[in-house]
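Our numbering puts the first residue of the sequence shown at 711, with every later residue one more than the last.
Idealized CB from N, CA, C, for every residue including glycine.
Worksheet: the structure to be examined is printed underneath.
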Amino acid sequence: MAIEDPSWMNIALDEARLALEHGDVPVGAVVVGPDGKELARAHNLRERDADPTSHAELVAIRAAARARGHWRLDGCTLFVTLEPCAMCAGALVNARVSRLVYGAADPKAGAVVSLFELGRDTRLNHRFAVEGGVCAEESVALLRAFFGELRARGEK
711 MAIEDPSWMN IALDEARLAL EHGDVPVGAV VVGPDGKELA RAHNLRERDA DPTSHAELVA
771 IRAAARARGH WRLDGCTLFV TLEPCAMCAG ALVNARVSRL VYGAADPKAG AVVSLFELGR
831 DTRLNHRFAV EGGVCAEESV ALLRAFFGEL RARGEK
């Protein structure tokens with residue numbers, strides 16, 4: 711873990727809290743360039759945009775590519791509060807992201823360590839470094855509170 715990782719993850723956590731304002735699962739992401747400067751930040755927008763692909767990671771990757779002026783994000787690090795799903799891990803491969811740092815593991819849908827290891831799969835054309843568990847307690851607490859409230863209201 712790099713010394714700056716918790717600072718960037720705290721920004722991702724701030725983004726995750728913004729998702730709560732429109733009823734989305736609190737997941738936030740930040741893309742940092744090779745120079746250590748922020749390229750983009752985002753949070754889940756699935757509910758707001760009625761778009762199943764509007765996961766925080768994808769929204770942030772799209773914005774970072776626009777900011778960089780190219781779809782390749784080599785040398786970049788993505789910080790995200792929850793282990794990416796298969797769709798998002800695939801996007802990390804396709805965008806050529808160099809490093810992923812995530813907070814909470816996702817045993818039901820995680821495609822980086824929990825269910826699959828897409829970032830390390832030698833059958834794919836790109837691999838990325840993975841660091842998990844950064845600010846995991848804060849990430850888990852946000853998710854537990856969100857889903858606890860849904861259950862209390864009788865929603866799934």
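Check: Could you check where the alpha helix (DSSP H) with E793 kicks off and where it finishes?
Finding: The residue given as residue 793 occupies position 83 in the sequence shown. Run containing E793: none; DSSP gives neither H nor E here.
Check: Would the beta-carbon of L792 fall within 8 Å of that of S849?
Finding: Along the sequence shown, read from residue 1 onward, the residue named residue 792 stands at position 82. Along the sequence shown, read from residue 1 onward, the residue named residue 849 stands at position 139. Yes.
Margin query: List, from N- to C-terminal side, the beta strand (DSSP E) runs of 3 residues or more that fit wholly inside the stretch 797-826.
Written below: For the stretch 797-826, whole beta strand (DSSP E) runs of length 3 or above, ordered along the chain, are 809-814.
Next item on the list: Go through its chain and collect everything with a Cβ distance to P744's Cβ below 6 Å, but skip five positions before and after it.
Entry: Counting from one through the sequence shown, the residue named residue 744 turns up at place 34. Around P744: G785.
Note to self: Can you check which of these residues, A862, V811, F826, is closest to G842 by C-alpha distance?
What the structure shows: Residue mapping note: residue 842 aligns to position 132 of the sequence shown, counting from 1. The shortest C-alpha separation from G842 is found at V811.
Next item on the list: Kindly indicate which residue of M719, I771, T787 has the alpha-carbon position closest to the one of A839.
Entry: Here the question's residue 839 lines up with position 129 in the sequence shown. Checked all of M719, I771, T787; the closest Cα to A839 is T787.
Next item on the list: Tell me whether the beta-carbon of V737 lies closer than 8 Å to the beta-carbon of N754.
Entry: Within the sequence shown, the letter at position 27 stands for residue 737. Within the sequence shown, the letter at position 44 stands for residue 754. Judged by beta-carbon spacing, N754 lies within the 8 Å limit of V737, meaning their Cβ atoms are closer than that value.
Check: Just the Cα atoms here: how many angstroms apart are E757 and D715?
Finding: Here residue 757 refers to the residue found at position 47 of the sequence shown. Here residue 715 refers to the residue found at position 5 of the sequence shown. Roughly 29 Å between the two C-alpha positions.
Check: Exposed or buried, which one is P794 when buried takes at least 16 other CB atoms within 10 Å?
Finding: Sequence index remark: in the sequence shown, residue 794 carries index 84 (1-based). Buried, since its Cβ has 16 or more Cβ neighbours within 10 Å.
Next item on the list: Indicate whether M719 and F789 have their beta-carbon atoms separated by less than 8 Å.
Entry: Taking the first residue of the sequence shown as position 1, residue 719 is located at position 9. Taking the first residue of the sequence shown as position 1, residue 789 is located at position 79. Yes, the Cβ-Cβ distance between M719 and F789 is below 8 Å.
Check: Start and end of the alpha helix (DSSP H) containing A774?
Finding: For this step, residue 774 is matched to residue 64 along the sequence shown. Its alpha helix (DSSP H) spans residues 766-778.
Notebook entry, point to check: Going by the CB atoms, is the gap between A846 and G820 shorter than 8 Å?
Noted result: As a first step, residue 820 must be located in the sequence shown, where it is residue number 110. As a first step, residue 846 must be located in the sequence shown, where it is residue number 136. Contact annotation: G820 and A846 have beta-carbon atoms that are not nearer than 8 Å.
Check: Quick one: what's E748 bridged to in DSSP?
Finding: Working through the sequence shown from its first residue, we reach residue 748 at position 38. V742, per the DSSP bridge assignment.
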